[in-house]
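In what follows, a structure is listed as structure tokens, so that the remarks can point back to it.
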Amino acid sequence: MIKLLSNSVVIIKNFHNKAFVRQMSKFSGFEEKVYQYLQPIDLAKPPYSHACQIGDPVLRLQAKPVELEIIKTAEFKKFVEHLIKVMRTYDAFGMAAPQIGVSSQVFVIETTKKQYDEMMMSKSAGQPIEEIPLKIFINPQIKITDFKVTNYPECCASVCGMMANVPRSKGVQINALDIDGEPFTWDAVGWPAKVAQHEFDHLQGKLYTDTMDRKTLSCMVWQTVNRRGGKISIDYIPIARSKLRKLFFT
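Okay, so the sequence shown: first residue is 1105 according to my numbering, each after it adds one.
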């Protein structure tokens, strides 16, 4: 065993030649009772290769900082690599550690050229988008630098099949640690700022449904539901956005 957080324990195991990190968060009071009641005995162990869904208690926890001595370990780096892999498997623009069952202050973001091109070809409600090189944030702190509010659609791998308009500050500055534990400052405006705020919220135990414009909440495939007479199902396993479009929007 090695200590990861002040009130958490991480067990490192080898699992099919991959680093397997299991976090056992210690809850208190009512949260602990609810979590224990909701968890089935045969629950798969985090970090998951899928995104936890709204209703999972881990998505409502205040994530804990990662100690510097842990950031330096090979096991932690393998965990971050796994987080990136899950993000890319979902073809998501970002992914936070709580989304794969680990309540630690880590998130990653990325917008590839392929994603940019696909968004430009789809209905993106006129919101500006740009490529974002892979960025890793550990123990981030955020400060608003442009208080102008934008209000564009967002979806989330942890709220599968839904989307809504969400107000976001136009510009932010983030101070965080990189994968080597070195501090850095990152300034973002527009699309990168929006993506970063979405992921940062996950570390605060928040989802976009908390601040969304409630009247804009909609099923992403409502037209297909009507077209197919309701004969449609949603998979909660990772599925790329391009495949979703092929299945539901053509």
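Glycine included, every Cβ here is placed at the ideal spot set by N, Cα and C. In this text, all values refer to a predicted model and were calculated from it rather than measured experimentally.
- The Cβ atoms of methionine 1191 and valine 1210 lie no closer than 8 Å to each other.
- Using a Cβ-Cβ distance cut-off of 8 Å, the stretch 1315 to 1328 and the stretch 1165 to 1176 are not in contact, since fewer than three pairs of beta carbons, one from each stretch, lie closer than that value.
- Residue pairing from DSSP leaves phenylalanine 1251 without any beta-bridge partner.
- The C-beta distance from serine 1262 to leucine 1187 rounds to 14 Å, too long to meet the 8 Å contact threshold.
- Residue state for valine 1212 is assigned as strand, using DSSP reduced to three classes.
- Each residue's CA atom was taken as its position, placing threonine 1320 and phenylalanine 1183 some 35 Å apart.
- Following the DSSP letters along the chain, one finds arginine 1272 inside the beta strand (DSSP E) bounded by residues 1266 to 1281.
- Between glycine 1333 and glutamine 1166, the C-beta gap is not smaller than 8 Å, which leaves the two residues out of contact.
- When DSSP states are grouped into helix, strand and coil, glutamate 1179 belongs to the helix group.
- Per DSSP, the unbroken alpha helix (DSSP H) holding aspartate 1221 starts and ends at 1217 to 1225.
- Distance from the Cα of asparagine 1279 is smallest, within the candidate group Asp1305, Val1293 and Asn1243, for Asn1243.
- The DSSP-derived three-state label of glutamate 1258 is strand.
- According to DSSP, isoleucine 1236 shares a beta bridge with Thr1215.
- Proximity of the stretch 1322 to 1330 to the stretch 1281 to 1292 falls short of the contact definition, fewer than three beta-carbon pairs being nearer than 8 Å.
- No Cβ-Cβ contact shorter than 8 Å links glutamate 1235 with tyrosine 1312.
- Just so you know, the alpha carbons of methionine 1225 and proline 1232 end up roughly 13 Å apart.
- Phenylalanine 1180 counts as buried, since no fewer than 16 other beta carbons sit within 10 angstroms of its beta carbon.
- Relative to the Cα of cysteine 1156, the nearest Cα in the group Ala1268, Ile1174, Glu1185 and Met1199 belongs to Met1199.
- Glutamine 1157 carries a coil assignment under DSSP once its states are collapsed to helix, strand and coil.
- Boundaries around phenylalanine 1288 are those of the beta strand (DSSP E), 1287 to 1293, since no alpha helix (DSSP H) includes it.
- Boundaries of the beta strand (DSSP E) around glycine 1198: 1198 to 1200.
- Taking every protein chain shown into account, the CB of asparagine 1330 has fewer than 16 other CB atoms within 10 angstroms, so this residue is exposed.
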